[in-house]
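Chemist: Quick one: this structure, given as structure tokens, is what I'll be asking you about.
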Amino acid sequence: MIRFAGTWFRYGSSWVVRDLDLEVADGELLVVVGPTGSGKTTLLKMIDGLVPHFSGGELRGDVIVAGHSIRDTPPTELAGTVGYVGQDPAASFVTDLVEEEIAYAMENLGIEPAVMRRRVEEALDLMSLHELRDRRLTTLSGGQRQRVAIAAVLAAAPRILVLDEPTAALDPGAAEEVLSSLTRLVHDVGMTVVLAEHRLERVLPFADRVVLLDGQGGMVAGEPGAVMADSALAPPLIELGRLAGWSPLPITVREARRRCGPLREALAELPTLAPEADGGDVVAKTDGLCASFGNLLALDGVDLAVRAGTITAIMGRNGSGKSTLLSCLAGIKEPSCGNASVGQTPPADLSAAERIRTVGFVPQEASLLLYAQRVDEECATADEEHGLAPGTTAASVTAIAGELAPDRHPRDLSEGQQLALALGIVLAPAPRLVLLDEPTRGLDYEAKRSLVAILEMLRAKGVAIVVATHDVELVAQVADHAVVLAQGEVIANGGAREVICHTPAFAPQVAKVLSPLAWLTVGEVAAALEGSPS
Amino acid sequence: MAASLFGAAPGAAPALGAAERTIAVVVEFGSGQGLPASFALCVKEPSGATDAQALTDALVSRGLPAPTYSSAGLLCTIAGYPSTGCGARAPGGYSYWAYFHGGSSRWTYATDGPAERRADPAVPEGWRFEPSGHGNPSDAAPDRPSATASICPSTASPANQPASPASTTIPPSTVGVTTTTTSASTATTTMAPPAATVPVTRVTDRTAERPAAPAAVRPSAGSLTGTMVAVAALGLLITIGVVLTRRRRS
Amino acid sequence: MRRERTPHAVAWWIWAAGLALAALRTSNPLLLALLAAAIVVVCVARTPRDLQQSPLATFARVALIIILVRVVLQIVFGQRLPGHVLFTLPSVPMPSWAEGVSIGGPVSIEGLLSAITGGLRLAVVLLAFGAANALASPRAVLRSLPGLLHEVAVAITVALCFAPEVLASVRRIQQARLLRGRPTTGIAGMRGIAVPVLEDALDRSIQLAASMGARGFGRRPVSVSLARERTALATLILGSMILLVGGYGVLAGSSVVPGAAWLAGLGLAAVCLGVGLSGRRAARTRYRPAPVGLRSVACGASGWLSALLVVIAGVADASSITWSPWPLSWPQVTPLAFAAVVIALVPLLVAPGEARVAAARGTKIAVS
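So the sequences go chain by chain: A, B and C.
Heads up: the first sequence begins at 1 in the numbering used here, then just goes up one per residue.
Heads up: the second sequence begins at 1001 in the numbering used here, then just goes up one per residue.
Heads up: the third sequence begins at 2001 in the numbering used here, then just goes up one per residue.
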């Protein structure tokens, strides 16, 4: 169906794709994984001809898609064959209603109105969008948008579906929904699906084959189990399998549970884990906090206390009020009732300068905090604005991000580096409270590991940290407390271990495997096994 | 009528200051149909006044209706003439009032409007009705001489004696035309006796060119019903709008 | 064919255009205010409920600003026609080369009324288009354009999406700057915001272009001859230009462009010919085209009938649609002009309210 034949590609001087040979069979679900910058997106876009026709750059060799060479077939001509869904589905919307968006590609292809009508209904059914057919695209949640974007390319009945990080912005439930819809397509319609994803734990169970890019132009392809056996990137499930010495490695939680009897018994005899430390003083708290956007109540009576030296995770579906809660704590959103306070004062009452010294907030798009042309300039202006001694910010950035070339443009850095730089700037005035909104979005495993290290270091220093996230594995690794929000209300609040083990939707893989034991991470298990006499 | 609700009639009382100058105004109803008629007026204006003010004052002091303007500021009627249309299309061009600046030798077609032009004793303002003009300098200029000295001779005298009610001579060029004469120095509405002796009837009485009576250009009195009904309807629509908006919000 | 439930999107825009035309033909403030009120009432009563923020509010705000600006300009630079002086601003003597410009001086009731009326006229035009935007998405209108204009329509659609997105990105960036305690206003603030906003905007445009390309936008039909398509396009463009000139002539009151009505008719004919020539281009199809029926016709026609009535009212009695504050008088609304306003309200009858639309569709409307 798709054949990369000795394909090389580069935008500038260095090759992003080197001598790639790969064949994707009809009806296969292929997952492309690899660190940031390893060329996943480029590879995906080649299948649709967007690279090189839209991007420019130099292509050697060829890619044959359903018998067409992408060299002489522009994306427009491939529209009936390949459906491409980019990283940000909202950026691809052309019309303004769900139904029209789904019909758009078919209209361009000149499909008979009667056929078009039938296919729109099919696409609505496949993606469970029936209820939403008359809705405006701007009123949809992230998961719904992703499903509409997929339905919009599906309706044109392509033989190949290409998706770039389809679950990056989704909560675990919505991600599950999208991925199972995709599996249904592969099974029922025989569609060929190629998708790129950072969150392996989500997609691995659905993959027929995995392509692992190493970032140096190298590539491994094969069955998920085989590829994962010696991959540096691995979800917790695989790591647990390696630890327990299972072979072949389990790909799904179900497989692992069937095999983990002995492990579970061994762990059950070990002493129960010590409860989390209570932490220090209360740094921030909310009392019956509400916040609204027009008629929409985003937060409805939230009570919360954040203590020094702890990490609190805030979880919940898309649109459950996580970001709004952080905005209230950061003082950039006025509560409509109740109050939020940091120390003794509501953060909204603080002056800008005081607020920066008290609360550090890294928004979902960390890059928004960066606007200088060079890294060193960024640090220097931050010193000036925050009234710090020259060099303070630079030191803080180095402590967190490592050495960054001072003359790099901040927007050219990778997502992980941008986050670290933004975090370094925010932390320079030494705030007592740090808020992070969805920090692992777009981060690969390596970057995520260093984020965990940073968070642990901050906790040790006695900083209170609040993280709003969909990433259950991150929560499992670092959080002391967890709060689950639904429709702006707190539905669970307590120790992270207790909360996430008892909320199936938010349980990490290790907890699912070892349930009913309350183990959260492979690290914990490994440490416990080492310490035990057996 | 309606205007009286707003107070005094426009142009009734320009402030009399020390810096009053005499402004010459020439109005010609044109010679389109072989019925030439014109009059010249001299009016005292304070130094900041505009040509538009001078024209109004001159007409009002004669008991003639003040000029009317369109909503865009185009001059429509002088002394109630013409009774319909404002810069309306006519065979071969437009029928409109052309505006000229005078000078010692000739009239020049004005490129500005009377409201932007500061009245100047040395530059008489000339108005000529063009029954089929083109709206550009090719349109015919007033027949009367263009120099202040010929229009308001007394002011041209070096002494500038204020109290000499002198009649202007009929210029030889305006053949067969009955013209008004003005009392040069006391033409303002302070109503010195000589002004009262210069009645409207001095304006040519040829029927076709006779300025219409004031009542003809104003909407007739007693038709406020239309206004009232419209205001009531407006109120009703606004109420409906507010009620609907409330209901949507709730 | 589906049954027609609501007027077609295009019908709403035609209605609004008719009313805008009516407004442009009159300088009677009372009639203008009535037209504005009629537009607002129809819009408020028939705007779909799921529209989060009605564009009408935005347009109304702009309209108000226009009136204010006109009044301020009138006070500062306005025409100094004689009238009832309210107050006198100190006037600035201008050098001889700027004789025509006057600053300050006496401010009269007449001048202010003239400024308000002039502003009101533009305001009604804006309100008409705000209402059209609220009642029917401009994208729905563009979808109904003939296939020949499809590329143009999509370009406009994208531009229409673009403005709100830029606003959204300005808001996000301002908020992020607030987090770093940076100024968000003033020149320094603007500079810092402009660069990321432009970068963002450019990124989005490229992504959208790629998405459109990947979904088959701009595919050339094989069956239609290039020559025919070009002829059709040329006819269409030429026709639109003639229509534009003619239309301007009609609006400006006949004296500017000779034979304006003829030109407009010729232009319209050429446009129709162009569309007809291109009509066989079947490369694109349309998904569930909205049916056009009596409701749409009544809705569109009411706007133009209203404009026609205003014109007739003017012919019958010029003073009913033209009004000038020199000399001051109460604006009159004659029965004919009044009928124009009543006709403008016809869509209230032919377009069903939200509840009935929902019932017809068989879906429930959430009422919060």
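Quick reminder that beta carbons are idealized off the backbone N, C-alpha and C, glycines included.
(1) Exposed or buried, Leu2349 of chain C, counting other C-beta atoms within 10 Å across all chains shown (16 or more means buried)?
(2) I want to know whether the segment 2298-2311 of chain C touches the segment 2021-2036 of chain C - three or more CB-CB distances under 8 angstroms.
(3) Would you decide whether Glu99 of chain A is buried or exposed? Buried here means 16 or more other CB atoms lie within 10 Å of its CB.
(4) Classify Asp383 of chain A as helix, strand or coil using the three-state DSSP reduction.
(5) Cutting at 6 angstroms between CB atoms, please list the residues of its own chain near Pro2106 of chain C, excluding the five before and the five after it.
(6) Let me know if Pro250 of chain A comes out buried or exposed under the rule of 16 or more other beta-carbons within 10 Å of its beta-carbon.
(7) Would you grab the beta carbon distance between Pro1124 of chain B and Thr1148 of chain B for me? Rounded to a whole angstrom, and I think it's under 8 angstroms.
(8) Whose CA, out of A:Glu121, A:Cys328, A:Glu77, lies closest to the CA of Gly288 of chain A?
(9) Secondary structure at Thr73 of chain A, three-state DSSP: helix, strand or coil?
(10) The alpha helix (DSSP H) that contains Met46 of chain A, what's its start and end?
(11) Contact between the segment 440-447 of chain A and the segment 402-412 of chain A: three or more CB pairs below 8 angstroms?
(12) In chain C, which residues lie with their C-beta within 9 angstroms of the C-beta of Met1 of chain A?
(13) Note down, in chain order, every chain C residue with its Cβ under 7 angstroms from the Cβ of Asp96 of chain A.
(14) Measure the alpha-carbon distance for Gly1235 of chain B versus Gly2130 of chain C and round it to whole angstroms.
(15) Using 9 angstroms as the limit for Cβ to Cβ distance, is Pro2055 of chain C near chain B?
(16) Can you pull out the residues from the segment 2326-2337 of chain C whose beta carbon lies closer than 7 angstroms to at least one beta carbon of chain B?
(17) Tell me the DSSP bridge mates of Trp2326 of chain C?
(18) Taking its Cβ as the centre, do 16 or more other Cβ atoms sit within 10 Å of Thr1111 of chain B, making it buried, or is it exposed?
(19) Helix, strand or coil: which one does DSSP assign to Met219 of chain A?
(20) Gly261 of chain A lies in the alpha helix (DSSP H); which residues open and close that run?
(21) Chain B beta carbons: is any one of them nearer than 9 angstroms to that of Val2125 of chain C?
(22) Determine, for Trp2015 of chain C, whether the minimum Cβ-Cβ distance to residues of chain B falls below 9 angstroms.
(23) Quick check: the Cα distance between Asn108 of chain A and Glu121 of chain A, rounded to an integer number of angstroms?
(24) Thinking C-alpha only, which one of A:Ala268, A:Arg242, A:Leu369 is nearest Ala256 of chain A?
(25) Scan the segment 1090-1145 of chain B and note each continuous beta strand (DSSP E) run of 3 residues or more that stays entirely inside, going in chain order.
(26) Just verifying my parser: in three-state terms, what is the DSSP assignment at Val2350 of chain C?
(27) Which chain C residues are close to Tyr84 of chain A, counting only those with a beta carbon under 9 angstroms from its beta carbon?
(28) Can you pull the DSSP bridge partners for Met315 of chain A?
(29) Can you check the segment 2011-2075 of chain C for any alpha helix (DSSP H) of at least 4 residues that lies completely inside it and give the ranges in chain order?
(30) Taking 8 angstroms as the threshold, find out whether the segment 2204-2219 of chain C comes into contact with the segment 47-58 of chain A through three or more Cβ pairs.
(31) Which two residues bound the contiguous alpha helix (DSSP H) that contains Val1231 of chain B?
(32) Taking 9 angstroms as the threshold (beta carbon to beta carbon), is Val2350 of chain C in contact with chain B?
(33) Within 10 angstroms of its Cβ, does Pro1199 of chain B collect 16 or more other Cβ (buried), or is it exposed?
(34) Is Leu2178 of chain C close to chain A, meaning its C-beta is less than 9 angstroms from at least one C-beta of that chain?
(35) What are the start and end residues of each continuous alpha helix (DSSP H) run of 4 or more residues lying completely inside the segment 406-439 of chain A, in chain order?
(36) Quick check on Ala428 of chain A: buried or exposed, where buried means 16 or more other Cβ atoms within 10 Å of its Cβ?
Modeler: In terms of the structure at hand:
(1) exposed
(2) Segments in contact, yes.
(3) Taking all protein chains shown into account, Glu99 of chain A has 16 or more neighbouring C-beta atoms within 10 Å of its C-beta and is therefore buried.
(4) Correct three-state label for Asp383 of chain A: helix.
(5) Val2085, Thr2088
(6) buried
(7) 5 angstroms
(8) Per the C-alpha coordinates, the member of A:Glu121, A:Cys328, A:Glu77 positioned closest to Gly288 of chain A is A:Cys328.
(9) Here Thr73 of chain A sits in coil by DSSP.
(10) 40-47
(11) Touching, no, given that fewer than three Cβ pairs across the two stretches are closer than 8 angstroms.
(12) Neighbours of Met1 of chain A on chain C: none; closest Cβ ~18 angstroms, over 9 angstroms.
(13) Ser2137, Arg2139
(14) 22 angstroms
(15) no
(16) Trp2326, Pro2327, Leu2328, Ser2329, Trp2330, Pro2331, Gln2332, Val2333, Thr2334
(17) B:Tyr1069
(18) Exposed is the call here.
(19) strand
(20) Per DSSP, Gly261 of chain A is one residue of the alpha helix (DSSP H) stretching across 261-269.
(21) With respect to chain B, the C-beta atom of Val2125 of chain C has no partner C-beta closer than 9 angstroms.
(22) Output row for Trp2015 of chain C: interface = no.
(23) 18 angstroms
(24) A:Arg242
(25) 1093-1101, 1125-1133
(26) helix
(27) Ala2210, Ser2211, Ala2214, Arg2215
(28) A:Val484
(29) 2029-2046
(30) yes
(31) 1224-1249
(32) Cβ-Cβ to chain B under 9 angstroms: no for Val2350 of chain C.
(33) Its pLDDT being 34, under 50, Pro1199 of chain B is placed unreliably in this model, and the value from its coordinates should be taken loosely. So Pro1199 of chain B ends up on the exposed side.
(34) At least one chain A Cβ lies under 9 angstroms of Leu2178 of chain C.
(35) 415-427
(36) buried
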